[in-house]
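Engineer: In the working numbering, the protein residues as written are 1 to 171.
Heads up, the beta-carbon is just placed ideally off N, CA and C, and yes, glycines get one too.
So that we are looking at the same thing, I have put the structure below in structure tokens.
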């Protein structure tokens, strides 16, 4: 159990705003493992929420591409290409943990035809806002831009990604 916690501890520290992506190793192997885990957990959540099979496969891949392009281009334009690997590991790693935490809510969405209980809606809202704040924290630590600017940039990215996902899903 202790070794299992050690695996997640760096990501939990990032979620808690105690550390940044610089704490993670710049490992292509770790990135591949994180990308696989992220894709599987995201696809599971999409499936549990009752989405069609097409969305279950498409949305995780769109998320991978969008985050890869966003962070890759931003860091390259800022002359910080050496931070891309760690930043992607941080972003996809914490997203995987957030998506895992959202699985019970996704299951409730998929199994209910009427409105969700308020506590589930509130839980979802808290996790989404927290994940945006963590994305901003990662941006701040990876780029050195002011914290508030990083939060605004993270919010803009999440809104754009949501719009892209809804347009692809036909919602």
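By DSSP, does residue 16 sit in helix, in strand, or in coil?
Structural biologist: coil
Engineer: Use the C-beta contact count for residue 143: other C-beta atoms within 10 angstroms, 16 or more gives buried, fewer gives exposed.
Structural biologist: Residue environment for residue 143: buried (at least 16 other C-beta atoms within 10 angstroms of its C-beta).
Engineer: Nearest to residue 27 by CA position, among 102, 87 and 123, is which residue?
Structural biologist: Considering only 102, 87 and 123, the residue with the shortest C-alpha distance to residue 27 is 87.
Engineer: How is the alpha helix (DSSP H) around residue 167 delimited, first residue to last?
Structural biologist: 147-169
Engineer: Using alpha carbons as the reference points, say which of 71, 41, 68 and 96 lies closest to residue 57.
Structural biologist: 41
Engineer: What residue range is occupied by the uninterrupted alpha helix (DSSP H) comprising residue 123?
Structural biologist: 118-143
Engineer: Should the segment 13-22 be regarded as contacting the segment 30-44, the criterion being three or more beta carbon pairs within less than 8 Å?
Structural biologist: no
Engineer: Note down, in chain order, each residue of its chain lying with its Cβ closer than 6 Å to the Cβ of residue 99, except the 5 sequence neighbours on either side.
Structural biologist: 41, 42 and 45
Engineer: Closest to residue 107 by C-alpha separation, out of 96, 135 and 120, would be which residue?
Structural biologist: 120
Engineer: Could you give the residue range of the alpha helix (DSSP H) that holds residue 76?
Structural biologist: 53-77
Engineer: Under DSSP, the alpha helix (DSSP H) around residue 45 begins and ends at which residues?
Structural biologist: 28-48
Engineer: Can you look up residue 7 in the DSSP assignment and give me helix, strand or coil?
Structural biologist: helix
Engineer: Assuming residue 62 contacts residue 139 under a Cβ cut-off of 8 Å, what Cβ separation, rounded to an integer in Å, is found between them?
Structural biologist: At roughly 20 Å, the Cβ-Cβ gap does not stay under 8 Å, so residue 62 and residue 139 are not in contact.
Engineer: Skipping 5 residues on each side, what residues in its chain have a beta carbon closer than 6 Å to that of residue 135?
Structural biologist: 154
Engineer: Take residue 151 and list the residues in its own chain whose beta-carbon comes closer than 6 Å to its own, dropping the five residues that flank it on each side.
Structural biologist: 136
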